[in-house]
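Working notes, structure below.
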Amino acid sequence: MPPEKALAKYRQIADHLRAGILDGTYPAGQPLPSEDALAKRFGVTRPTVRQAVAELRANGLVEVMMGRGMFVRSPHGRPSLTRPRGLRREPDGRYAEADGLRWSDAEEPVATRTDAPLPLADLLRIPPGEPMYTYQGLQTADRGRLRQLHSTYVPFSALIGTKYEEQAPPPAPHLYEALAELGHQLHFTEYLRTRMPLPDQAQALRLPEGVPLLHILRVALTDADKPLALEEFQLPGDDLELSYHL
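Each residue of the sequence shown is one higher than the one before, starting from 1 at the first, in UniProt numbering.
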């Protein structure tokens with residue numbers, strides 16, 4: 001039999017630190033050895049240590065505090081940020097996110113025409129390639145500390161016979177007010193998963209290497225369960241939990 005392939009150095013360091021965190025050698029809230037100390041101990045470079053730490057951050061076991069170092073997080077600990085999910089309709093007809101955050105667009109949203117890819121077409125129950133009005137951009141909140149990538153997709157077929165047949169509707173959440181004005185009673189379904197970001201997404205969200213993002217698709221449906229629009233959120237997944245009221 002061929003010999004087993006040796007573990008990469010960063011993986012060896014990550015496994016060692018993970019075992020120490022789980023058995024209490026490195027207690028929750030306490031600092032880990034510095035990058036220099038770990039590099040010297042394992043005979044590696046600091047970038048290799050950072051790669052190991054990125055894996056532990058993705059596991060939720062390590063928190064890096066700028067200027068202070070690396071600190072242990074309990075595997076049972078809560079993230080520093082909890083965001084309620086859902087929409088509520090205000091008395092004036094506006095739709096607002098349940099988390100109450102005020103998001104600002106990094107750039108003015110501009111509608112473009114795109115063709116529906118298969119995964120989105122499946123959720124919207126339209127043929128793949130059907131044209132859609134699409135808004136995509138980066139949003140920030142809390143003076144830039146919080147970041148998310150936000151997209152709105154509206155199939156052309158959902159707007160036939162309305163004033164938006166020849167002009168783009170607004171992006172969400174104002175889109176939902178526009179749909180309500182057209183006489184639709186709306187409800188929503190969300191689909192949530194994690195995945196690793198593409199390089200440009202990691203850069204926009206300032207994600208360290210090895211940290212996943214939370215990918216949320218929200219479908220707006222009529223009271224007859226016909227999909228009208230889809231909203232997409234991509235959020236940092238390293239120190240965030242989402243709560244749902246059921």
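No residue lacks a Cβ here, since even glycine has one placed at the ideal position from N, Cα and C.
The criterion of a C-beta distance shorter than 8 Å is satisfied by Q30 and F71.
Around L120, the same chain offers Y153, L230 as residues with beta carbons nearer than 7 Å, after the five sequence neighbours per side are excluded. Judged by DSSP secondary structure, Y133 falls within the beta strand (DSSP E) whose first and last residues are 131-141. At a Cβ-Cβ threshold of 8 Å, V44 and V53 do not count as neighbours.
P236 is bridged by DSSP to L213. If the five residues before and after P117 are omitted, its C-beta is found closer than 8 Å to the C-beta atoms of P128, all from its own chain and listed in chain order.
A residue is called buried when at least 16 other Cβ atoms come within 10 angstroms of its Cβ; Q167 does not meet this threshold and is exposed. Taken in chain order, the unbroken stretches of beta strand (DSSP E) that lie wholly in the segment 75-162 and span 3 residues or more are 81-85, 87-89, 95-97, 112-115, 131-141, 146-155. For G20, the enclosing alpha helix (DSSP H) starts and ends at 9-22. In terms of Cα proximity to V219, the closest of P212, V211, L213, L228 is L228.
In this structure the segment 145-164 touches the segment 122-136; the number of beta carbon pairs closer than 8 Å is three or more. Beta-bridge pairing by DSSP links R68 to no other residue. Exclusion of the five residues before and after M196 leaves P212 as the residues of its chain whose Cβ lies within less than 6 Å of its Cβ. Counting the other Cβ atoms within 10 Å of the Cβ of V49 gives 16 or more, which makes it buried. The three-state secondary structure of T194, taken from DSSP, is strand.
Rounded to the nearest angstrom, the gap between the Cα atoms of M65 and S243 is 25 Å.
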